[in-house]
Structure formats: C-alpha cells, structure tokens
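Shown next, in structure tokens, is the structure this report addresses.
Protein chains in written order, with my numbering: chain A, 3 to 170; chain B, 519 to 684; chain C, 24 to 165.
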C-alpha cells in the first residue's frame with residue numbers, strides 16, 4: 003500500500019479562505035499606463051495620448067487590459083519570499099512559485115462601474131478563494147486560488163481578478 | 519564609407535550646435551518618483567510618503583536628485599530604448615560607431631521638483647569633441663536641456679548630458 | 024482593423040491573430056510596467072539556478088498580449104468584459120508567440136450583445152502554452 007503524500011495545508015490556511023485581506027492602494031497615472039502599454043506593444047493611442055482618449059469619450063488615458071495600477075511602494079515593505087503566501091506569511095515547504103493563471107473581469111459601465119483611467123485611485127482587496135493539492139510534472143504542488151476586487155475612488159467596483167498561484 | 523579611424527566632425531554637424539529643439543513634456547508622478555527612488559535604493563520617506571513630504575513643507579513627494587520626470591512616451595515619436603523624444607527641430611547626427619556609453623550628467627537645480635509637476639523640456643546640442651583612442655576614435659556629444667514647470671513657467675532645472683560614441 | 028459588429032460574428036470563427044516575439048529588452052520593460060521584478064525573466068544565471076532551462080516570458084505578459092488581441096478586435100465600439108488564461112507551457116524570449124482566439128458562443132443578455140471566446144498563445148510548433156477564455160461585448164448594427 004502506497005503512503006499518501008502529506009498535505010501542506012494547515013488549519014491556519016483553511017481558516018483564511020474567504021477572509022478579505024487588508025486593502026492595498028493602487029495608483030493609475032499617465033506614466034504607468036504608458037509604460038504598461040509600451041511593454042505589451044499596444045498601438046491604440048487611448049493608452050498613451052490624453053487628447054486621443056478624451057476624443058473617444060474617456061476621462062483620461064485608459065488603463066490597458068490587465069493593468070490595475072501600481073501599488074504604493076514602501077521601502078522595507080518587502081517583496082514576495084519563496085515559500086510565503088504573498089503577504090500572508092504562510093510557510094509551505096516549496097521553494098518555487100509560479101503564476102498559474104489570471105482572469106480579469108471588467109465592469110466598465112456607469113453607474114455601478116467605470117473604465118479605469120489615469121487619475122484613478124484603486125483600492126484592491128484580496129481573499130483566498132480556496133486551496134488544492136495535486137501532483138504535476140514538477141512534483142507535488144499547492145494551488146492557491148485568489149479573488150481580488152478593485153474599487154475606485156467613487157466606490158465603484160471596476161474590476162475583479164481571479165488568480166491562481168502554484169507552489170512546488 | 520568612412521571607417522571609424524577616418525571619422526571627422528563635419529560642418530553640417532557643427533551647424534546643429536545651439537539649435538533649440540521643440541518642447542517635450544516630462545511628467546513627474548507619484549509612481550514614477552517612487553520607482554526612481556526604489557531604483558537607487560533610497561529609503562528616504564520624502565520620496566515615498568506623500569503625507570510625510572507635506573509635513574516637511576513640500577507639495578508632494580520629492581523627485582530624487584537626477585530625476586526630472588518621465589518624457590511622455592508616444593509610440594513612433596519616442597526612442598523605444600532610451601525614451602528620448604524624437605522631435606522636429608532636434609539635432610540629427612549620423613554617428614557610425616557601434617559603441618555607446620553614458621559620459622556623465624550634471625544637473626543644476628533652481629527649485630524642488632515634486633510629484634504632480636509637469637515639466638516642459640527644450641534641449642540643444644552644446645558640444646562635439648573627437649578624441650583618438652587605440653584602434654579608432656571617441657566622439658563626445660554633449661546636450662544641454664532646460665526644464666520649465668508648465669504651471670508656473672519657472673525654470674526648475676538645467677542638465678548637461680554627455681554620451682560617448684566609439 | 025474595421026469595427027466588428029455582433030451580427031457579423033459566427034460561432035466557430037477565428038479572430039485575427041496577434042504575433043509577438045519578446046526580446047529580453049521587452050521582458051525588462053514588462054518588469055517596469057508590471058512591477059514584477061522576478062529574476063527568472065531577465066537574469067539567466069538565476070533562472071537556471073531555479074531549475075529552468077533559461078529565461079522565460081512572464082505569464083502575465085502573455086495574458087496582456089491576449090488582452091491586446093481582444094482589445095484591437097473589439098474595436099472602438101466594443102468592450103473587453105473578461106479575459107484570462109492559465110500558464111501551462113513556458114515561452115522563451117526570441118521565439119514567436121502567436122495569440123489566437125475562436126468564438127465559442129454569441130448571445131444577448133440584458134441589452135448587451137456578448138461573444139465568448141477560447142483564447143490562447145501558441146508556440147511555433149503549434150503547442151498551446153496559455154489557454155484561456157474571454158467575453159467581449161460588441162456593438163449591434165442598429
């Protein structure tokens with residue numbers, strides 16, 4: 003009889019499912035919208051040129067698809083450490099981390115939603131939606147599913163992100 | 519075709535010295551100030567924390583020395599590697615050398631630059647110097663740039679930038 | 024690209040492909056644009072020390088490429104409502120990455136004309152590296 007691989011999911015991790023984490027503030031500005039658009043290779047001028055964006059009816063330069071703003075960086079605030087769950091501090095015995103996939107859902111229509119534009123301040127709140135353990139070509143893996151909601155300065159939920167993180 | 523050792527500064531190149539470029543906007547945003555500060559590994563909250571900067575009497579977080587804003591990037595109008603605006607009326611030098619190094623930058627400040635500022639930059643070619651080196655030549659190209667606060671019309675900084683082509 | 028309209032779309036049709044080929048310079052630009060400075064995308068020694076063959080393209084950049092393909096296809100009157108993918112296979116710099124999409128469903132819901140698609144990135148040998156889905160709202164001809 004083969005021995006089952008031990009689970010790395012702790013009670014603490016289980017208790018965290020569904021609980022909103024602290025809010026993070028993201029700033030959407032002209033310089034970072036352009037940098038993101040430039041990095042992807044976008045050609046639509048609404049991501050670069052304020053006059054072009056306004057001519058198309060937007061408040062300012064539009065945040066390109068996938069760009070939610072830049073978190074406010076604080077020195078000493080720390081980046082991701084392999085083995086830690088992004089900010090939550092769970093220790094798992096896997097050294098490597100891969101982004102398993104990301105889905106963005108947009109709510110661009112007023113009055114409940116809006117298009118994300120330069121000048122917006124977005125508050126992001128994340129929660130763990132669930133954990134899964136599996137065996138892949140790279141060995142045993144822990145899959146964490148997260149949901150993040152993005153609310154703008156007017157209190158409108160403008161987008162949600164559904165993310166998967168794989169640790170192995 | 520001239521080889522590296524035969525390169526000479528032409529009268530056409532010298533004629534571009536002092537010719538002022540068209541203006542270009544450089545934006546100073548909170549995210550770009552923080553990114554620059556992070557890039558130099560500064561931990562000074564004056565570059566990161568808006569409330570702290572205001573408590574010290576500044577309009578917003580302060581641009582670290584050397585950062586005069588990010589030139590507005592427009593595809594087709596901006597050099598994709600170096601971010602310099604390719605604008606009408608700027609110097610056009612056809613330099614055949616493959617090597618390019620930063621020869622240094624000098625900045626003179628007349629005011630503090632803060633997030634929220636939009637600066638208007640004009641620049642001109644200030645100097646060309648050709649020097650010998652083993653196996654070829656080195657061309658020193660110096661530009662001078664003036665940065666004016668768009669809202670106040672005041673000159674906030676002047677920069678002298680040298681690049682070495684070899 | 025000319026504006027596409029809901030009435031002209033058929034289930035099963037493929038949307039215009041978007042071909043990319045990332046230089047290492049582009050990966051550095053993406054690090055700046057996304058704020059993800061993980062070294063496996065620009066430091067080859069680091070990447071190999073983690074067990075990878077060499078540098079790999081950020082999954083999130085491939086996701087953004089799919090976003091660009093959808094944005095450009097939706098046109099000025101369309102809206103990308105949802106898009107995403109899983110990062111199943113790795114892609115390297117200096118290699119073609121082709122973004123593709125196929126319409127799987129079209130329907131109207133609450134006054135909106137919506138189209139669902141399967142989207143993915145593909146290597147030169149046809150292997151799908153980032154399979155995903157999308158929802159796009161298209162204008163009607165009226």
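All residues carry an ideal CB built from backbone N, CA and C; glycine is no exception.
Query, Result
"Return the residue from the list C:142, C:114, C:52 that minimises the CA-CA distance to residue 37 of chain C.", "C:142"
"Using the three-state DSSP reduction, which class does residue 537 of chain B fall into: helix, strand or coil?", "coil"
"DSSP three-state call for residue 570 of chain B: helix, strand or coil?", "helix"
"Going by alpha carbons, who is nearest to residue 124 of chain A out of A:157, A:131, A:142, A:106?", "A:157"
"I need the straight-line Cα distance from residue 86 of chain A to residue 560 of chain B, nearest angstrom please.", "For residue 86 of chain A, the predicted model reports a pLDDT of 36, less than 50, meaning its position is unreliable; a value from the coordinates is still stated below. Cα to Cα, the separation comes out at about 25 Å."
"Check each residue of the segment 81–93 of chain C: if its Cβ is closer than 9 Å to any Cβ of chain A, include it; give the result in chain order.", "81, 82, 83, 84, 86, 87, 88, 89, 90, 91, 93"
"Helix, strand or coil, according to DSSP, for residue 579 of chain B in the structure here?", "coil"
"Which value, in whole angstroms, describes the spacing of the CA atoms of residue 82 of chain A and residue 524 of chain B?", "For residue 82 of chain A, the predicted structure reports a pLDDT of 40, less than 50, and the residue's modelled location is therefore unreliable. The matter cannot be settled from this model."
"Whose Cβ in chain B lies nearer than 8 Å to the Cβ of residue 56 of chain A?", "Those do not exist, as residue 56 of chain A stays about 15 Å from chain B at its closest Cβ, beyond 8 Å."
"Determine the DSSP secondary structure at residue 591 of chain B, reduced to helix, strand or coil.", "coil"
"Does the beta-carbon distance from residue 147 of chain C to residue 49 of chain C come in below 9 Å?", "no"
"Comparing alpha-carbon positions, which option in B:617, B:591, B:683 lies nearest residue 605 of chain B?", "B:591"
"For chain C, is any of its Cβ atoms less than 9 Å away from the one on residue 148 of chain A?", "no"
"What residues in its chain sit with their C-beta under 6 Å from that of residue 45 of chain A, if we drop five residues either side in the sequence?", "none"
"Using only the alpha-carbon positions, how far apart do residue 519 of chain B and residue 682 of chain B sit?", "Any reading at residue 519 of chain B must be qualified, since the residue scores a pLDDT of 42, below 50, and its modelled position is unreliable; no value is offered."
"Could you give the DSSP three-state label for residue 631 of chain B: helix, strand or coil?", "coil"
"For chain A, is any of its Cβ atoms less than 9 Å away from the one on residue 131 of chain C?", "no"
"Under 7 Å Cβ to Cβ from residue 570 of chain B, same chain only, skipping five residues before and after it: list those, please.", "563, 564"
"Could you tell me if residue 670 of chain B is buried or exposed, where buried requires 16 or more neighbouring beta carbons within 10 angstroms of its beta carbon?", "exposed"
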